[in-house]
Amino acid sequence: MEKPGSRMRLFAQGVRDGIPIALGYFAVAFSLGIAARNAGLMPMEGFLASFLCSASAGEHALFTLIAAGAGYMETALVSLVTNARYFLMSCALSQKFAPETPLLHRVLIGTKVTDELFGLNIARPRTVQPAYSYGAMLLPVLFWAAGTASGIRMGTLLSPRIVSALSVALYGMFLAVIIPPARKSAPIAVCVAAGFLFSLAAQAVPLIAGLSEGTRTILLTVGIASAAALLFPVKEA
């Protein structure tokens, strides 16, 4: 069982590792706030929406439906389909926790799984402790929500080019998360490269290109992960 001092050190380490993600999230959420403003949301409503749903594609779809006056069932269904890939991430991340990790911690952490936070946790050596995950998600979640609220309040003051440029920061930050483990592990490097190549190729395949971005991500994730499990099996200690 972890000692209180150990939990605090892990929490502080998570907060430190989450700072770059938080900065990238604020910039992207700022541009997302403009879509929320166009949908008629107030800053506090945008803050709550982003605090409860930390997903750019899912929120953009949500704000688009709100602007179009969609019903509750349609909005819920589209949000479920758009964010379905996080089910896979949560299942994969749950295997990184120690077997004795309480269900409550698994559920709470699973509600805030994002691409970048998943990469940060999955790259940890050995098991992941809840204290680290809570620390890592603290600032990104708050900055994501604050960025949306700020975008609603001040987004119209910036030019579209500046808002678009802010979104580029997230991609650079995501590369910073996946490159270090890929340099240390050949199987991870192969999976990362395959992910980039097949994602690009999928946009040219008629049947797959017509699917939503979330659905394509799920299909590619399951396919690449299955192939990696067969080609690079992990030996149990």
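Note that the sequence shown covers residues 1 to 237 in the numbering used here.
Glycine residues also receive a C-beta, built at the ideal position from the N, C-alpha and C atoms.
- Counting only unbroken stretches of 4 or more residues, the alpha helix (DSSP H) elements lying wholly within the segment 10-69 are 43-52, 56-67, in sequence order.
- Distance check between THR221 and each of LEU23, ALA92, MET42, LEU32 places ALA92 closest, using alpha-carbon atoms only.
- In this structure, the straight-line span from the alpha carbon of LEU48 to that of ALA145 is close to 7 Å.
- Under a 10 Å Cβ-count criterion, GLN129 is classified as buried, with 16 or more other Cβ atoms of the shown protein chains found around its own Cβ.
- DSSP places SER94 in the uninterrupted alpha helix (DSSP H) bounded by 85-94.
- Sequence-distant partners of LYS112 (beyond 5 residues in either direction) whose C-beta falls short of 7 Å from its own C-beta, in its chain, are SER54, MET137, VAL141.
- For ALA61, the CB contacts under 6 Å within the same chain, skipping 5 residues up- and downstream, are VAL78, THR82 in chain order.
- Distance from the CA of SER185 to the CA of ILE178, rounded to the nearest whole angstrom, comes to 11 Å.
- In chain order, VAL113 place their CB closer than 6 Å to the CB of TYR86, counting only its own chain and leaving out the 5 sequence neighbours on each side.
- Scanning the segment 92-158 for uninterrupted beta strand (DSSP E) segments of 3 residues or longer gives nothing; none is fully contained.
- If you draw a straight line from the Cα of ALA57 to the Cα of ALA194, it comes to about 22 Å.
- Assigned with DSSP and collapsed to three states, ALA204 falls in coil, not helix or strand.
- Ranked by Cα distance from PRO99, the options LEU197, THR127, ALA70, ILE208 are led by THR127.
- Nearest C-alpha to ILE66 among ALA84, GLU45, LEU10: GLU45.
- Secondary structure of LEU230 (DSSP, three-state): helix.
- Here the alpha carbons of MET89 and ASN121 stand approximately 11 Å from one another.
- Inclusion of CYS191 and ALA228 in the CB contact set at 9 Å is warranted, their separation being smaller than that value.
- Collapsing the DSSP output to three states places LEU211 in coil.
- Under the three-state reduction of DSSP, GLY223 is assigned to helix.
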